[in-house]
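So the sequence shown is numbered by numbering that gives the first Met the number 0: it starts at 0 and just counts up by one.
Even glycine gets a Cβ: it sits at the ideal position worked out from N, Cα and C.
Predicted, not measured: the structure shown is a model, and the values here were computed from it.
Worksheet: the structure to be examined is printed underneath.
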Amino acid sequence: MRKRNKRLVIAALVVFLLALTMLLVRIKEITVTGSSRYTQEQITEMLFPDALSRNPVVCYLRDHIKEHETIPFVEDYDIVFHSPGHVEIIVYEKSVVGYVSCMSSYMYFDKDGIVVESTSRKLPDIPEITGLKFGYIVLYQKLPVEDEAIFQEILNLTQILSIHRLVVDRIQYSSLGEATLYIGDIEVLLGGNAGLNGKIAELNDMYPQLEGRKGTLHLENYDEASPAAGYAFSPRSSSDNP
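Given below as structure tokens:
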């Protein structure tokens, strides 16, 4: 009986020492991957704001029991333990293709036209989309436009722009679905969707010569068979209205 009690005491002491050790251990190394909108420091501050949150036991329990923290433009995140003192935060960002202005807010929407965030700050490299007609906007619901096919057109255009690393300030759509890009003081008329890849490729080639200038680049009649005959640039003086 005494030997059994001794073993129980030793086992309890070991468990106590392990628990005490784990409570004293702190997460000192935090790696953030998958985040393009927040720095590692910002994500770390949001998820580990105090000393208690850096305890590996507390962190593990919170991650598995509590709801994850709500972070603007972040769909979700995973916390992966590489060791008691080192965790990796894998961030899964929301897919955002553009935004529309409503009152004093910027309403960002995804490839399906669903409004995923409302904020008072502008995100870099996300274009404003104008020309869409809708009567109301509800967060986490689809923008109620007349023709939902416009969202696929927006996605196609923004993907092609991304491939060429072209950042535009605004994309204007006409009632016929024709797109116009605004990059600084340059207006680019794209017309319909025909030959869109070639039009953006041509814009990409020409942009170094256009940068810093004012005017309108006509690509609505661009023809891949004869590219040189398919565009014209109309300069605008400082006195002209934009």
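Inter-residue spacing [alpha-carbon to alpha-carbon] between Ile64 and Tyr172: 46 Å
DSSP state of Pro207 mapped onto helix, strand, coil: helix
With H, G and I counted as helix, E and B as strand and the rest as coil, what does DSSP make of His171? According to the sequence provided, residue 171 is Gln. The question's His does not apply to it. Residue state, collapsed to three classes: strand.
Return the chain-ordered list of same chain residues with a C-beta closer than 7 Å to the C-beta of Ala224, the five sequence neighbours on each side being excluded. none
At what residues does the alpha helix (DSSP H) containing Thr43 begin and finish? Gln39 to Leu46
How would you write the range of the alpha helix (DSSP H) that Arg67 sits in, first residue to last? Inspection of the sequence shows that residue 67 is occupied by His rather than by Arg. Per DSSP, His67 belongs to no alpha helix (DSSP H) and is neither H nor E.
Of the residues Arg235, Thr38, Glu145 and Ile26, the one placed nearest Lys242, counting alpha carbons only: A question about residue 242 goes unanswered here, because the residues of the chain that appear run from 0 up to 241.
Among Tyr37, Asp75 and Ile199, which residue has its Cα nearest to the Cα of Ile162? Ile199
State the Cα-Cα distance for the pair Pro241 and Gly183, rounded to the nearest angstrom. Caution is warranted here: a pLDDT of 49 is assigned to Pro241, below 50, making its placement in the model unreliable, and the coordinate value is therefore given only provisionally. Cα to Cα, Pro241 sits roughly 11 Å from Gly183.
Under 6 Å Cβ to Cβ from Tyr91, same chain only, skipping five residues before and after it: list those, please. Glu74 and Asp75
Looking at Leu218 and Tyr206, is the spacing between their C-beta atoms short of 8 Å? no
If you reduce the DSSP assignment to three classes, tell me which class Ile128 lands in. strand
Between the C-alpha atoms of Ile159 and Leu122, what's the straight-line distance to the nearest angstrom? 19 Å
Quick one: measure Cβ to Cβ for Val24 and Ile42, integer angstroms, because I've assumed they're closer than 8 Å. 21 Å between Cβ atoms; not a contact.
Can you tell me where the alpha helix (DSSP H) with Ser161 in it begins and where it stops? Ala148 to Ile162
Environment of Pro48 [buried if 16+ CB atoms lie within 10 Å]: exposed
With a Cβ-Cβ cutoff of 8 Å, do Gly84 and Glu44 count as a contact? no
Measuring CA to CA, which of Ile170, Gln208 and Ser174 is closest to Tyr181? Ile170
For the beta strand (DSSP E) that contains Gly97, what are its first and last residues? Gly97 to Cys101
Counting C-beta neighbours from all protein chains within 10 Å, is the total for Ser82 16 or more, i.e. buried, or is it exposed? exposed
Whose C-beta lies closer than 6 Å to the C-beta of Ile185 among residues of the same chain, with five residues either side of it excluded? Leu209
Measuring only the C-alpha atoms, how far is Glu127 from Asn54? 42 Å
Nearest-angstrom beta carbon gap, Ser119 and Asp109 [assumed within contact, 8 Å]: The pair is not a contact, with the Cβ atoms about 20 Å apart (cut-off 8 Å).
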